[in-house]
Amino acid sequence: MPDRNDRQSATAAEALRHALAWQVEAGADEAIGERPVDRRDRAPEPAPGRPSPDRPAPQAASPPMPAQQGAGPPARAAPAAAPARTPAAAPVRLESTGETVASARESARSAGTLEELRDAVAAFDGCALKKTAMNTVFADGAPEGRLMLIGEAPGAEEDRQGKPFVGASGQLLDKMLAAIGVSRENDAYITNIVFWRPPGNREPSAAETAVCRPFLERHIELKKPEILVFLGGPSAKTLLDRKEGITRLRGRWFEFRTPDMIGSGVGPIPAMPLFHPAYLLRSPLNKREAWRDLLAIRARLDGSG
Ligand code: URA
């Protein structure tokens with residue numbers, strides 16, 4: 004028969020399990036600092052965006068909410084307070100300076116091949132995301148492929164393997180491409196607008212995107228794809244410099260040029276935004292539109308679109 008102490012410690016353990024499950028559900032699925040930080044007395048930070056066609060839900064498998072968890076974790080179950088620390092403050096200030104973007108541009112321009120660019124990205128320390136990521140996720144697929152696809156940011160599986168689109172949405176992406184006779188091995192080259200996983204799969208910040216952008220632009224210049232495909236709202240809006248959501252942008256042809264391409268008279272490259280596969284996993288009815296867009300891409304590859 005469990006005594007009173009046993010029952011109390013079982014209740015405390017249960018409360019801690021719920022608190023942990025609640026954090027994982029909220030996207031805090033990785034330890035990013037040496038010590039826990041008690042944020043209850045601080046001003047609230049902006050919440051990550053709600054899942055939408057523009058910002059599909061994070062892919063990380065999250066456990067279902069425990070039944071009695073609706074009101075959040077028990078107030079006393081949060082981790083013990085640690086000395087106030089703002090782990091992100093210093094890198095955010097650093098990366099938001101024009102100097103960091105300028106150094107990214109200089110490093111990107113000095114790369115003359117995709118391999119040199121991969122090395123330059125791996126050596127670059129100006130993006131705060133690198134500090135919390137396991138791996139740099141540069142690209143996957145066929146460097147000579149006719150299509151270049153650009154997603155948002157690596158997720159947990161991509162971070163583990165160091166390759167883009169290898170999780171659930173990557174598997175759907177491969178099927179979508181196969182449906183129009185395109186394979187990652189032979190015809191498609193895949194990357195993201197940032198090269199490191201944002202903690203908890205949050206959307207990359209404007210500063211993180213800005214600092215990776217010179218590398219992304221150089222990536223496109225060196226790859227010289229025949230067609231660009233922007234996967235999801237953040238990728239399409241960043242690269243096209245548009246404010247509309249993916250629902251308005253998808254399925255339309257745009258002309259893409261980097262500033263250096265404009266300067267040298269190269270391009271433009273035809274570009275089409277497409278629903279992100281992570282969104283299609285959650286909203287399969289939208290596969291109809293995605294199929295139409297894929298057919299338009301196929302027609303363009305065949306010279307008939
Ligand atoms: N989602 C993305 O946008 N990119 C990846 O690499 C994986 C999932």
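191 is the number that this note's numbering gives to position 188 of the sequence shown; each next residue is one higher, with no gaps.
We put the CB at the ideal spot given by N, CA and C, even for glycine.
Non-local beta-carbon contacts of residue 231 in its own chain, meaning distances under 6 Å to residues more than five positions away in sequence, involve 151, 259, 272 and 274 in chain order. DSSP, read as helix, strand or coil, puts residue 224 in helix. No Cβ-Cβ contact shorter than 8 Å links residue 253 with residue 228. The stretch 157-170 makes no contact with the stretch 241-256; the number of CB pairs closer than 8 Å stays below 3. Apart from the 5 residues on each side of it in sequence, residue 243 sits with its Cβ closer than 6 Å to the Cβ of 257 in its chain, given in chain order. Scanning its chain for C-beta atoms nearer than 7 Å, with the 5 sequence neighbours on each side dropped, one finds around residue 219 the residues 196, in chain order. Runs of the beta strand (DSSP E) lying entirely within the stretch 166-246, each at least 3 residues long, are 191-195 and 230-234 in chain order. Rounded to the nearest whole angstrom, the C-alpha separation of residue 285 and residue 178 is 16 Å. DSSP places residue 258 inside the beta strand (DSSP E), whose first and last residues are 257-259. In this structure, DSSP gives residue 263 a helical state, which the three-state scheme calls helix. In terms of side-chain proximity, the C-beta atom of residue 273 is found no nearer than 7 Å to any non-hydrogen atom of the ligand URA. Taking 8 Å as the cut-off, the Cβ atoms of residue 140 and residue 198 count as close. Residue 235 has its CB nearer than 7 Å to a heavy atom of the ligand URA. In this structure, residue 157 has its CB closer than 7 Å to one or more heavy atoms of the ligand URA.
In the three-state scheme derived from DSSP, where H, G and I count as helix and E and B as strand, residue 154 is classed as strand. Residue environment: residue 269 is assigned as exposed (fewer than 16 neighbouring CB atoms within 10 Å of its CB, all protein chains considered). With distances taken between CA atoms, residue 194 lies nearest to 173 out of 110, 208 and 173. A Cβ-Cβ separation of about 6 Å places residue 58 in contact with residue 206 under the 8 Å criterion. Relative to the ligand URA, the nearest heavy atom lies less than 7 Å away from the CB of residue 172. The residues 183, in chain order, have a CB closer than 6 Å to that of residue 301 in the same chain once the five nearest residues on each side in sequence are set aside.
Taking the Cβ atoms as the reference, residue 200 lies roughly 7 Å from residue 132, within the contact range of under 8 Å. For residue 117, the enclosing alpha helix (DSSP H) has its first and last residue at 117-126.
Beta-carbon to beta-carbon, residue 162 and residue 138 are separated by about 6 Å, close enough to satisfy the 8 Å threshold.
Distance from the Cα of residue 144 is smallest, within the candidate group 255, 295, 186 and 20, for 186. Scanning 126, 175 and 180 for the CA closest to the CA of residue 287 turns up 175.
Between residue 217 and residue 104, the gap from beta carbon to beta carbon is short of 8 Å. Under the three-state reduction of DSSP output, residue 101 falls in the helix class. According to the DSSP assignment, residue 283 belongs to the alpha helix (DSSP H) that extends over 280-285. Per DSSP, residue 274 is one residue of the beta strand (DSSP E) stretching across 272-277.
By DSSP's assignment, residue 143 forms a beta bridge with 193.
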